[in-house]
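The structure appears below as structure tokens.
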Amino acid sequence: MKKIKILICLSVLFLAGDYDSREPNETAFVTAMGIDRASDDTYNVTIQFAKPDSISGGSSEEGGSGEGITENITVEAPNIYSAVGLADQVVSKNMSLSHMKLFVISKEIAETGISEFIDTISRSDEIRPNVYVTVCSGCSRD
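Read the sequence shown against this note's numbering and you will find it ends at 258, with the numbers running on by one and no gaps.
Now the structure itself:
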């Protein structure tokens with residue numbers, strides 16, 4: 117009986133731990149994402165993310181505001197999650213979609229159908245359900 121209690125206590129300790137915790141400065145919090153057609157089977161995905169070290173002031177005591185607290189990166193990928201994976205590699209930070217508030221779709225893509233993107237947003241555990249989805253009429257690169 118004593119062995120079972122010890123086993124239960126140890127399993128609770130292991131299950132309660134957060135072994136994948138990251139420092140906020142190691143995470144790029146995506147605030148907005150825009151998608152435009154690149155070719156027949158790929159998209160140009162622009163990701164705007166917050167830079168926590170600039171917002172918090174980094175090593176100084178003053179918090180940042182205004183310019184320099186966000187950065188944009190554009191990658192070419194076949195879908196949203198491939199784009200986020202590529203951006204992870206370029207920025208060397210873990211992209212988190214949990215703070216995303218805006219998703220912009222080009223008019224060209226909207227005219228051909230956006231169900232693929234809406235399905236991705238609505239089924240994702242990481243993306244909040246209150247993301248604003250909008251269509252941009254002048255953002256096509258053609």
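Beta carbons are placed, not taken as given, at the ideal position from N, Cα and C, and that holds for glycine.
As the structure is a prediction and not an experimental result, all values here were calculated from the model.
| Asked | Found |
| --- | --- |
| Proximity below 8 Å, CB of R153 to CB of I230 | no |
| Reference S238; option with closest CA among T228, T162, L213 and Q205 | L213 |
| Beta strand (DSSP E) segment containing L213, residue limits | Segment: none, L213 is in no beta strand (DSSP E) and carries neither H nor E. |
| Cα-Cα separation, Q164 to T228 | 25 Å |
| Straight-line Cα distance separating R244 from V220 | 15 Å |
| Status (buried if at least 16 other CB within 10 Å, exposed otherwise) for Y248 | exposed |
| Reduced DSSP secondary structure (H/G/I, E/B, other) of R239 | helix |
| For T228, the first and last residue of its enclosing alpha helix (DSSP H) | K223 to T228 |
| Proximity winner among V206, G184 and I185, relative to E192 (alpha-carbon distances) | V206 |
| Same chain, Cβ closer than 6 Å to G150, neighbours up to 5 away in sequence not counted | T162 and V220 |
| Within 8 Å, strictly: CB atoms of T143 and N210 | yes |
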